[in-house]
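Take a look at the structure below.
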Amino acid sequence: MKVKLDQLLELADTHNAQIIAIQETKLEEQMKLNIKEFHIYRVDRPNRGGGGLALLIRDVWSIAKSLSRDRPQVEVCNAILTADGFPPNDERATANILSSHYQK
Numbered sequence: 001m002k003v004k005l006d007q008l009l010e011l012a013d014t015h016n017a018q019i020i021a022i023q024e025t026k027l028e029e030q031m032k033l034n035i036k037e038f039h040i041y042r043v044d045r046p047n048r049g050g051g052g053l054a055l056l057i058r059d060v061w062s063i064a065k066s067l068s069r070d071r072p073q074v075e076v077c078n079a080i081l082t083a084d085g086f087p088p089n090d091e092r093a094t095a096n097i098l099s100s101h102y103q104k
């Protein structure tokens with residue numbers, strides 16, 4: 001995954017991507033993932049091969065709440081982001097990001 005991740009991060013920098021959603025991460029819980037300038041939210045698939053989700057969110061965003069669920073047929077990784085400079089409760093300052101994977 002390292003080579004693919006390096007390529008993905010290079011693309012993110014080139015295009016100034018703020019949020020990256022990744023499916024099929026195939027990471028195990030004990031594997032640590034630290035990426036400079038990003039918050040990382042993961043849903044790993046324990047005791048099963050493949051699968052997994054990750055949201056990589058630039059650290060310029062504040063994370064109001066994150067939620068991860070792993071059910072037998074559905075993996076969900078969700079984050080609510082807030083931007084600085086807007087009045088409290090202004091809907092323009094909030095983004096709800098959802099990455100999900102449903103297995104047949």
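In UniProt numbering, the protein residues as written are 1 to 104. C-beta: ideal position from N, C-alpha, C; glycine also.
Member of the options whose CA lies at the smallest distance from the CA of residue i
i: residue 10; options: 25, 24 and 35; result: 35
i: residue 29; options: 80, 6 and 53; result: 53
i: residue 51; options: 23, 8, 80 and 82; result: 23
i: residue 60; options: 8, 6, 16 and 5; result: 16
Under the three-state DSSP convention, the category residue i falls into
i: residue 56; result: strand
i: residue 5; result: helix
i: residue 25; result: coil
i: residue 12; result: helix
i: residue 33; result: coil
One or two residues paired with residue i in a DSSP bridge
i: residue 40; result: 56
Contacts around residue i, its chain only, beta-carbon distance under 7 Å, and the 5 residues preceding and following it disregarded
i: residue 58; result: 18, 37 and 38
i: residue 12; result: 20
6 Å CB neighbourhood of residue i in its chain, flanking five on each side removed
i: residue 25; result: 52 and 54
Cut-off 8 Å between Cβ atoms - residues of its own chain near residue i, not counting five sequence neighbours on either side
i: residue 27; result: 1, 33, 42, 44, 52 and 54
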